[in-house]
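What follows is a short report on a single structure.
There are 2 protein chains.
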Amino acid sequence: MTEERVEFRVSPEHYKHWRVSCDGPVATLVMDVDEQGGLVPGYELKLNSYDLGVDIELYDAVQRLRFEHPEVRTVVITSGKPKIFCAGANIRMLAASPHGWKVNFCKFTNETRNGIEDATANSGQTYLAAVNGTASGGGYELALACEHIMLVDDRSSAVSLPELPLLGVLPGTGGLTRVSDKRHVRRDLADYFSTKAEGIGGKKAVQWRLVDEAVPRPRWDEAVAERAAELAGRSNRPEGAAGVPLTPLGKTRDDDAITYSCVSAKLNRDAGSVDITIEGPQADPPGDIAEARSADFWPLAVTRELDDLILDLRTNEAELGTWVFRTEGDPARVLAHDELLLASSGDWFASEVLHYLKRTLRRLDVTSRSLIAVIEPGSCFAGSLLELALAADRSFQLAGVFEDEDPDAEPATVTLGDINAGPLTMSNGLTRLQTRFWGDEAGYEAAGKRLGAALEAEDAADLGLITFAPDDIDWDEEIRIATEERASFSPDALTGLEANYRFAGPETMETKIFGRLSAWQNWIFNRPSASGADGALRRFGTGQRAVFDRKRV
Amino acid sequence: MTEERVEFRVSPEHYKHWRVSCDGPVATLVMDVDEQGGLVPGYELKLNSYDLGVDIELYDAVQRLRFEHPEVRTVVITSGKPKIFCAGANIRMLAASPHGWKVNFCKFTNETRNGIEDATANSGQTYLAAVNGTASGGGYELALACEHIMLVDDRSSAVSLPELPLLGVLPGTGGLTRVSDKRHVRRDLADYFSTKAEGIGGKKAVQWRLVDEAVPRPRWDEAVAERAAELAGRSNRPEGAAGVPLTPLGKTRDDDAITYSCVSAKLNRDAGSVDITIEGPQADPPGDIAEARSADFWPLAVTRELDDLILDLRTNEAELGTWVFRTEGDPARVLAHDELLLASSGDWFASEVLHYLKRTLRRLDVTSRSLIAVIEPGSCFAGSLLELALAADRSFQLAGVFEDEDPDAEPATVTLGDINAGPLTMSNGLTRLQTRFWGDEAGYEAAGKRLGAALEAEDAADLGLITFAPDDIDWDEEIRIATEERASFSPDALTGLEANYRFAGPETMETKIFGRLSAWQNWIFNRPSASGADGALRRFGTGQRAVFDRKRV
């Protein structure tokens, strides 16, 4: 789609498509998409339709509201255009995009909508969709991510999911799952709704549970303000706290490397892999969380950098299929930072940092790259950073030391901390440790008993915390083989394998969206009836009917 | 793949690939595939590899053991070939098959393996995999469907899932899900195992939970016999009961119609739809279940016929995308048959009939066809037959009667029976009624209060048991539009839509297999890296390496 790299770092003064305003406890996000402001040439963003660039700004706004605006308790999402709330993802952009771009675009937009729900659930910032015009497709899906949906009742505005009848694809941003599993629309009504291109408005939309309220235009502004105030009243956001500015992220980027303050990546184009190194904190944490409230606080800095790196690599480096994680630093300092966060459980900032780290690790879990953790002397896979090893598809921990290089080094260790037992849940609702030992209670308990202990390779392997523990004679060879082998397999099959094995156990709305729904959508995207030259996505707007293979598969 | 219709009716005397023997409480199913006995020309079924024909026999054998052999308490699955248990689905068959054939083949084999687990869980027939040689791919997946896996420990036999490294696809019959969610193999070990083409045998296979026992060859026969006897000892199968022969199913089939004793189907090729009519019982049920034990007992007869019809249409009529269900008969007689089954809860035969009906309805739930129920005067959508309307994507019930045709008719009704509240669960573990009202407790309770009442259209619509209740003026038009509209949509998108909306709420291993796993597999099947001219599936065995698109999607 584009040869230029996509950059995810934005800030409100440069937004093209959104206006953010805060009025006491209520923030308003006005979507007013610049038709000519598409990320890539070749399409106009008419009718508040969006592309990745629009969604990058939305993601930034949602993040900043949590950190920079502790006073905000309700976030109203509404449209700056007359009669249209949002027409969803831009069709011409989708039609012109290669398969991988579509899939990656949908994944990011899904993550942003999950983030909106996370803010509502865990941040005391409740999202209210003020649907002041028609919301179709991704437009309605954006509203579905909000806790409360108000629809203007004016005989023309409606909510709809017209993807199936008009484009021959599914709603790509969780629409079906939220309609059935969040809003509990009855399955036959949901089916009817999703095949009716013009959608449903007014009281029927309320009766069918598609929206929460239908409000006539004359009462609209007043009703939205009332509801926003009411939702704000339920919040536990702090009184009189000062926000923490998300200062610009220092980043250098060229073809071979990406470097931040404590995260760096080396891009190995021949091997198809990336070496990612995370540096632990350089100092002990402050004694009190109040002193930590800044974008320089190590857990926040490392999370922001990791988040940006994942997005950059995922979008811009599709051929680098294996990510190898290393850490460097003092495990005790990592654990001390974790402990400060956990000990500050009533503090809004500590809570935001923990939830942001949780969301970033979840982004890693759904990333279609093979993840390998390499645990060597001098590393700090402890507590929050141990999650990287637990998120990996495979991990290697050196048994002993590198005899030739540094025979007196301390052997590599891994350390479970309290943070591994709680707040950093995966999207299946379990911790990575619980998922790892799913169905193996004894294994889970045995690991838990060693909490806080610096475990050398043999112990860690016995406890099942790592995969393999080669010694220095086999070390280079084993890691080389694992990486080369990975590069020799079908990238598609690896994506499917990893998407299945990473999520043992129960399912949630979030795992259903990334699993069942996205997998079907990706299949459909890839089929001639959608993306073929005569498929519905390509033919939309041409006046020609799509040609379908009538066979049901 | 084939212009000839596939026929699912088989019987043991005509099996080409399996030998069934019963020795008291232990039955043995010996897989001994006839290399030249493929269902379709063009491949040889070497190394106990299988195609649809092999699996049709297996399905038949599993069914017959439940009905015809009440004395059987353990079923041993083993191989009749030296050194190889089963090499899985035949690769040349897969490589030569169109996408739809592969998907349908995997769906059927999945259903058969779920049926094996259902026999173990609900029929007192525990399956034991006696893996007396290498089990690779679908061969190991067949073992995974068994409750207990014994592997011969001879330094050469192993279990493996080589699909990813050798073929660039996933195991297609639940392998990944059963490895992680049934056998609880740790995710990183599972990942390693599934990329190691030669697999894992011996004690390591036990340590990693891939099998339950590794037994040296000298002790093999004795150990298998011991374990089979032990498993038989846990069973609640009846003593001294006589089996119920599954007599040949009467069926006439031509291009336009399929007719059984109480099920018939009219194939409308122009409209792309099938009109399916189920006739209710012609008489009251016998007073006692003992008198009912025969293949002519209406609930068993209708289930067998519906099962065969689903399989026939699914495999042979891919372009008929909408199935319209009608019933004819006396609702009271349907309910009376249901009650006899429910009142005979300790009876093995009643239990088998209920579970078979459950499995057949589950087969309908995962069928990639739009399902519409049409409820007219003279119909009998009550109890077990009401499940067809609850399984439908949309239902229409006539309000009033057809004034011009039969003004004195009784209006159409639907009736909830006790059977709708319990035994006929979907693969998500909930009844269709629970799934319908998922997240709507009040709606579920309100419906439950009307149990036993014959509900006319308006009542049924108010209670949410049907979708629409047009009167006779709108009737023909509404149903015509619904069917025509369905035929105009992308068949692929409908498949995705239905697969999502039919399964609100919780997930189980079974829904994960049909949802997450199958959707990913279908996507991978459809990608150039697998099925393209240079893809891994096509290149397997040619000596040429597959060409992959290195981009991760």
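Line by line, the protein sequences are chains A and B. For any residue, its number in the numbering used here is found by taking its place in the first sequence, counting from 1, and adding 168. For any residue, its number in the numbering used here is found by taking its place in the second sequence, counting from 1, and adding 168. Positions of the beta carbon are idealized from the N, C-alpha and C atoms, including for glycine. None of these values were measured; they are calculated from a predicted model.
For residue i, count the other beta carbons within 10 Å of its own beta carbon; 16 or more makes it buried, fewer makes it exposed. Which is it?
{"i": "Asn272(A)", "result": "buried"}
{"i": "Ala511(A)", "result": "exposed"}
{"i": "Asp286(B)", "result": "buried"}
{"i": "Ala195(B)", "result": "buried"}
{"i": "His523(A)", "result": "buried"}
{"i": "Asn258(B)", "result": "buried"}
{"i": "Ala425(B)", "result": "exposed"}
{"i": "Asp681(A)", "result": "Here the sequence assigns Ile to residue 681(A), which means Asp is not the residue at that position. Flag for Ile681(A) reads buried."}
{"i": "Gly192(B)", "result": "exposed"}
{"i": "Asp644(A)", "result": "exposed"}
{"i": "Arg234(B)", "result": "buried"}
{"i": "Ile725(B)", "result": "Look at the range of chain B in this structure, 169 to 721, and you will see that residue 725(B) is not part of it."}
{"i": "Thr710(B)", "result": "exposed"}
The alpha helix (DSSP H) that contains residue i, what's its start and end?
{"i": "His523(A)", "result": "516 to 533"}
{"i": "Gln689(B)", "result": "686 to 693"}
{"i": "Tyr428(B)", "result": "First-last for Tyr428(B): undefined, no H or E at that position."}
{"i": "Leu662(A)", "result": "659 to 669"}
{"i": "Val502(A)", "result": "499 to 511"}
{"i": "Arg707(A)", "result": "704 to 707"}
{"i": "Ser547(B)", "result": "Per DSSP, Ser547(B) belongs to no alpha helix (DSSP H) and is neither H nor E."}
{"i": "Pro384(B)", "result": "No alpha helix (DSSP H) contains Pro384(B), which is instead part of the beta strand (DSSP E) from 381 to 384."}
{"i": "Ile259(A)", "result": "259 to 264"}
Is the Cβ-Cβ distance between residue i and residue j less than 7 Å?
{"i": "Leu332(B)", "j": "Ala655(A)", "result": "no"}
{"i": "Asp498(B)", "j": "Glu666(B)", "result": "no"}
{"i": "Trp361(B)", "j": "Val299(B)", "result": "According to the sequence displayed, residue 361(B) carries Phe and not Trp. No."}
{"i": "Gly369(A)", "j": "Ala326(A)", "result": "yes"}
{"i": "Asp228(B)", "j": "Val178(B)", "result": "yes"}
{"i": "Ser699(B)", "j": "Leu705(B)", "result": "yes"}
{"i": "Ala760(A)", "j": "Leu631(A)", "result": "For chain A, the structure presents residues 169 to 721; residue 760(A) sits outside this window and is missing."}
{"i": "Asp506(B)", "j": "Gly455(B)", "result": "no"}
{"i": "Val383(A)", "j": "Ala391(A)", "result": "yes"}
{"i": "Leu310(A)", "j": "Ala373(A)", "result": "no"}
{"i": "Phe671(B)", "j": "Asn596(B)", "result": "yes"}
{"i": "Ala255(A)", "j": "Ser304(A)", "result": "yes"}
{"i": "Tyr428(B)", "j": "Lys419(B)", "result": "yes"}
{"i": "Ala580(B)", "j": "Glu544(B)", "result": "yes"}
{"i": "Met594(A)", "j": "Thr345(A)", "result": "no"}
{"i": "Val502(A)", "j": "Gly551(A)", "result": "yes"}
{"i": "Val412(A)", "j": "Arg377(A)", "result": "no"}
Start and end of the beta strand (DSSP E) containing residue i?
{"i": "Cys254(B)", "result": "252 to 254"}
{"i": "Trp186(B)", "result": "186 to 191"}
{"i": "Trp491(B)", "result": "490 to 496"}
Per DSSP, what kind of secondary structure is residue i in: helix, strand or coil?
{"i": "Gln375(A)", "result": "helix"}
{"i": "Pro209(B)", "result": "coil"}
{"i": "Asp639(A)", "result": "strand"}
{"i": "Cys274(A)", "result": "helix"}
{"i": "Thr679(A)", "result": "helix"}
{"i": "Thr170(A)", "result": "Here Thr170(A) scores only 44 on pLDDT, less than 50, and its place in the model should not be relied on; the value that follows carries that caveat. Coil."}
{"i": "Glu181(A)", "result": "helix"}
{"i": "Asp349(A)", "result": "helix"}
{"i": "Asn436(B)", "result": "strand"}
{"i": "Val240(A)", "result": "coil"}
{"i": "Gln565(A)", "result": "strand"}
{"i": "Arg654(B)", "result": "helix"}
Looking at residue i and the ligand COA, is the gap between the Cβ and the nearest heavy atom below 6 Å?
{"i": "Asp702(A)", "result": "For the ligand COA, the structure offers nothing, since it holds no ligand at all."}
| query | What residues in the stretch 579 to 612 of chain B bring their beta carbon closer than 9 Å to a beta carbon of chain A? | reply | Thr603, Arg604, Phe605, Trp606, Gly607, Asp608, Gly611
| Going along the stretch 688 to 706 of chain A in order, which residues come within less than 7 Å of chain B, judged by CB to CB distance? | Trp688, Gln689, Asn690, Trp691, Ile692, Asn694, Arg695, Ser697, Ala698, Ala704
| task | Taking a Cβ distance cut-off of 9 Å, strictly less, list which residues of the stretch 209 to 223 of chain A are near chain B, in chain order. | result | none
| task | Pull out every residue of the stretch 440 to 462 of chain A whose Cβ sits closer than 7 Å to any Cβ of chain B, in chain order. | result | Gly440
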